[in-house]
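With the first letter of the sequence shown counted as 1, position 38 gets the number 38 in the UniProt record's numbering; the numbers rise by one all the way through. Ideal Cβ positions, reconstructed from N, Cα and C, are used throughout, including at glycine. Taking it in order: structure first as structure tokens, then the write-up.
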Amino acid sequence: MDLQELERWLAQARHTLTSAERDAQGGDFDWACFKAQQAGEYAIKGLLRGLGRPAYGHSIMRLLEELRAGHVDVPEELVEAAQELDIHYIPARYPDAYPEGSPFEFYNPRRAEEALRAARRILAWVREAV
């Protein structure tokens with residue numbers, strides 16, 4: 001395990017999660033959700049890179065499949081957290097993801113808290129896994 005590489009990615013994941021929490025507190029729920037997704041992605045990519053495995057793409061669910069391919073036991077709860085986060089990767093940022101309106105109009109405190117909770121689960125699991 002390359003702990004130095006893992007820690008670089010986990011540090012960025014923690015930083016991004018903190019930024020997402022600030023966005024949620026400030027009412028920027030769309031950005032909170034997107035950054036929560038990014039934090040989860042960074043944490044899983046860090047674990048993959050620490051294990052010397054490929055870490056490409058932005059779907060946390062696909063990254064978890066790569067962990068499983070490397071014989072890492074990934075609990076179903078983590079897959080559910082990945083599903084919660086992956087849905088925000090594009091729609092939180094791009095107006096053409098909706099028939100009309102802008103992304104920020106479709107986000108609210110509940111959605112942001114769910115995304116933050118999912119990101120926290122992923123970061124906690126990665127910390128426990130090493």
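TODO: Say whether the stretch 50 to 68 touches the stretch 94 to 109, bearing in mind that this needs 3 or more beta-carbon pairs closer than 8 Å, one atom from each stretch.
DONE: They do not touch, by the three-pair rule.
TODO: Measure the C-alpha to C-alpha separation of residue 13 and residue 117 and round it to an integer number of angstroms.
DONE: Here the C-alpha atom of residue 13 lies approximately 14 Å from the C-alpha atom of residue 117.
TODO: Return the chain-ordered list of same chain residues with a C-beta closer than 8 Å to the C-beta of residue 127, the five sequence neighbours on each side being excluded.
DONE: 10
Task: Cβ-based burial, residue 18 [other Cβ within 10 Å; buried from 16] - done: exposed
TODO: Give the straight-line distance between the Cα atoms of residue 8 and residue 50, rounded to the nearest whole angstrom.
DONE: 10 Å
Open item on the list: So the candidates are 112, 34, 111 and 92; which of them puts its Cα closest to the Cα of residue 103?
Closed with: 92
Open item on the list: Assuming residue 64 and residue 43 are in contact, meaning their beta carbons sit under 8 Å apart, how far apart are those beta carbons, in whole angstroms?
Closed with: Rounded, the Cβ-Cβ distance is 11 Å, inconsistent with contact.
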